[in-house]
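Colleague: For the record, in the sequence shown the residue sitting at position 227 is 250 according to this note's numbering, with numbers rising by one throughout.
Just dropping this structure here.
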Amino acid sequence: MAVSHKGSGQQDSAGAQTAYDEVPYISGARAATSIDRLASLGRLLGIATADPHACRVLELGCGDGGNLIPMAISFPGSEFVGIDLAPTAIERGRLAVGELGVGNVSLLTGAFADVDASYGAFDYVIAHGIYSWVPPSARDDLLAAVRQRMMPDGIAFVSYNALPGSHIRGVLREMMVHHTRHITDPATKIAEARGLLSMLMQAPAQAGDVYRPLLQSDVGIAMRSSDYLLYHDDLADVNQPFFFGEFMADAHRHGLQFAAEANFSQMSTESVPAEVAEQLNELGSRDILAKEQYLDFMTCRSFRQTLLCHKEVQVDRQVTLDRVRELRMASDARETSADPASGAVGFSSPNTSALRTDHSAAIAALRMLGAAFPRSIPFDDLAVDSGVVTIAEAETLAEVLYRAATVGLVSLHVSEPPAVFAVSERPLASAWARRRASSGRVVNLYHESLTLGDGQAEILELLDGAHTLAGIATALACDESAIATEIADFAAKGLLLG
């Protein structure tokens, strides 16, 4: 998680040394925070959210801007403001902003309590990886800033460690904290924690042993974590998980209410047995908060990315055709099965989401979305191109695609980034992607993090709109056709602007 308001070594005053100055946290993009996603889910619920291309965005605990800067590049008509306590992180972000010439983002050193009326009002507020890692006073300041600075139809994103799932990781965290309790040097603390993880991983599970297999799953995750992630998440002074109901009680005290989960499919009951799903859905029709809490119990959820809105907003969970028609849709669905007798076709995606339907227009629409991915297509275009004629047919198509969204097979959008999918003679990649290429992790124009393959970083760094394919091949001593293949892969993943 990325924020300098949490963790050991925090200072109370802006500009003072923090743990994030001692061990820098390299923040990255979080797809769930995309303002396109926040806008689309808000509109689905009847909230008149702002156009992502003409809005104001505030990120609380922005670190070095790794989440905010690429969003600002994708939405040049909007204004982005980030605030963080760590001066080193802010300076690193400002340096990047200056070198890239990104004029619509401001990174400021300060505490949540500093976000006063002089900041103005914001359509979207993002607070990722903060809430569980700060003391109660800072949590109150965070929610107060959301309430006071968010526009009436605004949407706020707040993520936090959730219970009951975090109990399991909590056991491992307590072991690491105990093991390193007398160590003050960050590098030594990290090394000792990794030594403990290695020892725990080597302990063999005995027949009938439930504890070790359960623990070792989280040990493996921790061992694969970067040093800065291990230090600022698991070894932090504060790492407080919450039951969903506890978090929402805090939100209610500050005049905020539940809108949805940023990962919309996590609100679905598809993952639990049918009888349980029926009970949960009936409960949800009366009390959405209770339904969400009991769904956490059933799925052992360990992390939430909750969307909040003002308590005065009328959230309408009865989705209508008119609202669906406002949206664009995208999907990487592929056909996995077909039954000629019934006409039913099964679709699935790499994230294991799946859907089976015999509705001919829905089948055609899902095929079109799969072929166009990662591009999104307006619902009305899907309806026309899939042969929908009547309003009743459109409503049925909307119902099927909405269900596909609830299980994670389809994503909802209100805008399309300026990505191009054909390789030009002088390819141009996002300046942010070129800057971060050497790290092996980049952000595409859809605000998704991607891992580069062998040799791809060197190619991506040269996609500045000045180099030709032949020039890139010469510079890297590679075959031009091989270079073209790699750049075509970049295009397919939404990394190219030209």
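C-beta: ideal position from N, C-alpha, C; glycine also.
Which runs of the beta strand (DSSP E), 3 residues or longer, sit entirely within the region 331–379?
Modeller: For the region 331–379, whole beta strand (DSSP E) runs of length 3 or above, ordered along the chain, are 351–353, 357–362 and 367–371.
Colleague: Applying the 10 Å Cβ sphere with the 16-neighbour rule, what's the burial state of Arg457?
Modeller: Indexing the sequence shown from 1 puts residue 457 at position 434. By the 10 Å Cβ count, Arg457 comes out buried.
Colleague: Measuring straight from C-alpha to C-alpha, what distance separates Gly307 and Tyr317?
Modeller: On the sequence shown, position 284 is the one that residue 307 refers to. On the sequence shown, position 294 is the one that residue 317 refers to. Computed Cα separation, rounded: 10 Å.
Colleague: Pick out whichever of Asp310, His190 and Gly69 has its Cα sitting closest to the Cα of Thr264.
Modeller: Walking along the sequence shown from the start, residue 264 turns up at place 241. It is worth fixing the name first, because residue 264 is Pro in this sequence and not Thr. For Pro264, the nearest C-alpha among the options comes from His190.
Colleague: From this set, Asp512, Met94, Tyr251 and Ala168, which residue's C-alpha is nearest Gly143's C-alpha?
Modeller: Within the sequence shown, residue 143 is the residue found at index 120, counting from 1. Of Asp512, Met94, Tyr251 and Ala168, the residue nearest in Cα terms is Ala168.
Colleague: From Ala480 to Leu473, what does the alpha carbon distance come to, in whole angstroms?
Modeller: Taking the first residue of the sequence shown as position 1, residue 480 is located at position 457. Taking the first residue of the sequence shown as position 1, residue 473 is located at position 450. Ala480 and Leu473: Cα-Cα distance of roughly 12 Å.
Colleague: Excluding the 5 residues flanking Val125 on each side, which residues of the same chain have their C-beta closer than 7 Å to its C-beta?
Modeller: Position 102 of the sequence shown, counting from 1, holds the residue named residue 125. Cβ within range, chain order: Ile92, Ala95 and Ile96.
Colleague: Provide the residue span of the alpha helix (DSSP H) that contains Ile153, from first to last.
Modeller: In the sequence shown, residue 153 corresponds to position 130, counting from 1. Note, Ile153: premise wrong, no alpha helix (DSSP H); not H, not E.
Colleague: Just to confirm, is the Cβ distance from Gly243 to Met224 under 8 Å?
Modeller: Locating residue 243 in the sequence shown gives position 220, where the first residue counts as 1. Locating residue 224 in the sequence shown gives position 201, where the first residue counts as 1. A contact, by the Cβ cut-off of 8 Å.
Colleague: Can you check which of these residues, Arg115, Leu118, Leu81 and Thr111, is closest to Ser101 by C-alpha distance?
Modeller: Here the question's residue 101 lines up with position 78 in the sequence shown. Out of Arg115, Leu118, Leu81 and Thr111, Leu81 has the C-alpha closest to the C-alpha of Ser101.
Colleague: Could you name the residues that DSSP lists as bridge partners for Ile178?
Modeller: On the sequence shown, position 155 is the one that residue 178 refers to. Ile178 pairs with Tyr147.
Colleague: Taking 8 Å as the threshold (C-beta atoms), are Ser63 and Leu435 in contact?
Modeller: Taking the first residue of the sequence shown as position 1, residue 435 is located at position 412. Taking the first residue of the sequence shown as position 1, residue 63 is located at position 40. Contact flag set, yes.
Colleague: Need the endpoints of the beta strand (DSSP E) that Gln280 sits in, please.
Modeller: On the sequence shown, residue 280 is found 257 positions in, with the first residue counted as 1. Per DSSP, Gln280 belongs to the beta strand (DSSP E) from Leu279 to Glu284.
Colleague: Let me know the secondary structure DSSP gives Arg104 once reduced to three states.
Modeller: In the sequence shown, the residue the question calls residue 104 occupies position 81. It is worth fixing the name first, because residue 104 is Val in this sequence and not Arg. Three-state result, Val104: strand.
Colleague: So, using beta-carbon positions, are Ser438 and Pro75 closer together than 8 Å?
Modeller: Looking up residue 438 in the sequence shown gives position 415. Looking up residue 75 in the sequence shown gives position 52. The answer is yes: Cβ separation under 8 Å.
Colleague: Taking the C-alpha atoms as reference points, what is the distance between Gly86 and Phe98?
Modeller: As a position in the sequence shown, residue 86 is number 63, starting the count at 1. As a position in the sequence shown, residue 98 is number 75, starting the count at 1. Cα to Cα, Gly86 sits roughly 20 Å from Phe98.
Colleague: Going by the beta-carbon positions, is the gap between Val157 and Arg172 smaller than 8 Å?
Modeller: Within the sequence shown, the letter at position 134 stands for residue 157. Within the sequence shown, the letter at position 149 stands for residue 172. It is not a contact, given that the beta carbons lie outside the stated cut-off.
Colleague: Tell me which residue opens and which closes the beta strand (DSSP E) that Arg464 is part of.
Modeller: As a first step, residue 464 must be located in the sequence shown, where it is residue number 441. Here the beta strand (DSSP E) through Arg464 covers Arg464 to Val466.
Colleague: If you draw a straight line from the alpha carbon of Leu61 to that of Ala285, how long is it in whole angstroms?
Modeller: In the sequence shown, residue 61 corresponds to position 38, counting from 1. In the sequence shown, residue 285 corresponds to position 262, counting from 1. In a straight line, the C-alpha of Leu61 is about 7 Å away from that of Ala285.
Colleague: My output table needs one value for Gly32: the three-state DSSP class, helix, strand or coil.
Modeller: Here residue 32 refers to the residue found at position 9 when the sequence shown is read from its first residue. At Gly32, the pLDDT of 34 sits below 50, so the modelled position is not reliable; the number obtained from the coordinates is stated separately. Three-state result, Gly32: coil.
Colleague: Ends of the beta strand (DSSP E) at Leu81?
Modeller: Within the sequence shown, numbered from 1, the residue matching residue 81 stands at position 58. Note, Leu81: beta strand (DSSP E), Arg79 to Leu83.
Colleague: To the nearest angstrom, how far is the alpha carbon of Ala55 from that of Ser182?
Modeller: Indexing the sequence shown from 1 puts residue 55 at position 32. Indexing the sequence shown from 1 puts residue 182 at position 159. Each residue's alpha carbon lies about 10 Å from the other.
Colleague: His255 lies in the beta strand (DSSP E); which residues open and close that run?
Modeller: Your numbering for residue 255 matches position 232 in the sequence shown. Neither: His255 is in no beta strand (DSSP E) and is coded neither H nor E.
Colleague: Which stretch, first to last residue, makes up the alpha helix (DSSP H) that contains Leu424?
Modeller: In the sequence shown, the residue the question calls residue 424 occupies position 401. Here the alpha helix (DSSP H) through Leu424 covers Ile414 to Thr429.
Colleague: Cβ of Leu389 within 8 Å of Cβ of Phe370?
Modeller: Here residue 389 refers to the residue found at position 366 when the sequence shown is read from its first residue. Here residue 370 refers to the residue found at position 347 when the sequence shown is read from its first residue. Going by C-beta atoms, Leu389 is nearer than 8 Å to Phe370.
Colleague: Whose C-alpha, out of Gly88, Met321 and Leu186, is nearest the C-alpha of Glu298?
Modeller: As a working mapping, residue 298 is identified with position 275 in the sequence shown. Ranking Gly88, Met321 and Leu186 by Cα distance to Glu298 puts Met321 first.
Colleague: Roughly how many whole angstroms lie between the Cα atoms of Asp107 and Ala150?
Modeller: Here residue 107 refers to the residue found at position 84 when the sequence shown is read from its first residue. Here residue 150 refers to the residue found at position 127 when the sequence shown is read from its first residue. Each residue's Cα considered, the two are about 11 Å apart.
Colleague: Applying the 10 Å Cβ sphere with the 16-neighbour rule, what's the burial state of Thr380?
Modeller: For the purposes of this step, residue 380 is taken as residue 357 along the sequence shown, with counting starting at 1. It is buried - the Cβ of Thr380 has at least 16 other Cβ atoms within 10 Å.
Colleague: So, are the CB atoms of Asp166 and Ala216 less than 8 Å apart?
Modeller: In the sequence shown, residue 166 corresponds to position 143, counting from 1. In the sequence shown, residue 216 corresponds to position 193, counting from 1. Sequence inspection shows Leu at residue 166; the Asp mentioned does not correspond to that position. Their beta carbons are not under 8 Å apart, which means Leu166 does not touch Ala216 by this criterion.
Colleague: Is Ala259 close to chain D? Criterion is C-beta to C-beta, closer than 8 Å.
Modeller: This model lacks chain D altogether, as it is built from one protein chain only.
Colleague: Is Tyr154 buried or exposed, if buried means 16 or more other CB atoms sit within 10 Å of its CB?
Modeller: Taking the first residue of the sequence shown as position 1, residue 154 is located at position 131. With 16 or more other Cβ atoms within 10 Å, it is buried.
Colleague: Decide yes or no for the touch test of the region 254–262 against the region 207–214: beta carbon pairs closer than 8 Å, at least 3 of them.
Modeller: Touching, yes.
Colleague: For a test of the three-state rule: what should DSSP assign to Pro110, helix, strand or coil?
Modeller: Counted from its first residue, the sequence shown places residue 110 at position 87. If DSSP states are grouped into helix, strand and coil, Pro110 belongs with the helices.
Colleague: From what residue to what residue does the beta strand (DSSP E) around His436 run?
Modeller: Numbered from its first residue, the sequence shown carries residue 436 at position 413. Note, His436: beta strand (DSSP E), Ser434 to His436.
Colleague: How do the region 394–411 and the region 345–358 stand: do at least 3 beta-carbon pairs fall below 8 Å, yes or no?
Modeller: Judged by Cβ distances under 8 Å, the region 394–411 makes contact with the region 345–358, as three or more pairs qualify.
Colleague: Whole angstroms are fine: how far does the CA of Leu483 sit from the CA of Ala274?
Modeller: Position 251 of the sequence shown, counted from the start, is the residue given in the question as residue 274. Position 460 of the sequence shown, counted from the start, is the residue given in the question as residue 483. Each residue's Cα considered, the two are about 43 Å apart.
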